[in-house]
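Peer 1: Counting from 1 along the sequence shown, just add 12 to a position and that's the residue number in the working numbering. All C-beta atoms, glycine included, are put in the ideal place defined by N, C-alpha and C. Quick caveat, the model's predicted, so the values are computed rather than measured. Pasting in a structure now, in structure tokens, and then I'll have a few things to ask.
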Amino acid sequence: MREQDWDDDTDYRSAVRRTRIMTAIALATGLAVIGLGALGVLGLWLFTTAVDVLAG
């Protein structure tokens, strides 16, 4: 890997900004996946509970 030669603060700030944006997108995506998984588990639990109640 070659070393980055920062010739100007604007290049550095731009790289830091892009890194922060990508980190925020990755965090939001991860939380969305975890949330969907939790909703799926909750939905499955509610479905099985409803089937047990209706079955007797």
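Would you kindly work out how many angstroms separate the C-alpha atoms of D20 and A27, rounded to a whole number?
Peer 2: By 1-based counting over the sequence shown, the position of residue 20 is 8. By 1-based counting over the sequence shown, the position of residue 27 is 15. Their backbone Cα atoms lie some 11 Å apart in a straight line.
Peer 1: Work out the CA separation of R25 and L54 for me, nearest whole Å.
Peer 2: Counting from 1 along the sequence shown, the entry for residue 54 is found at position 42. Counting from 1 along the sequence shown, the entry for residue 25 is found at position 13. Near 43 Å, if we compare the C-alpha coordinates of R25 and L54.
Peer 1: Terminal residues of the continuous alpha helix (DSSP H) containing D21?
Peer 2: Position 9 of the sequence shown, counted from the start, is the residue given in the question as residue 21. Counting along the chain, the alpha helix (DSSP H) containing D21 begins and ends at 21-67.
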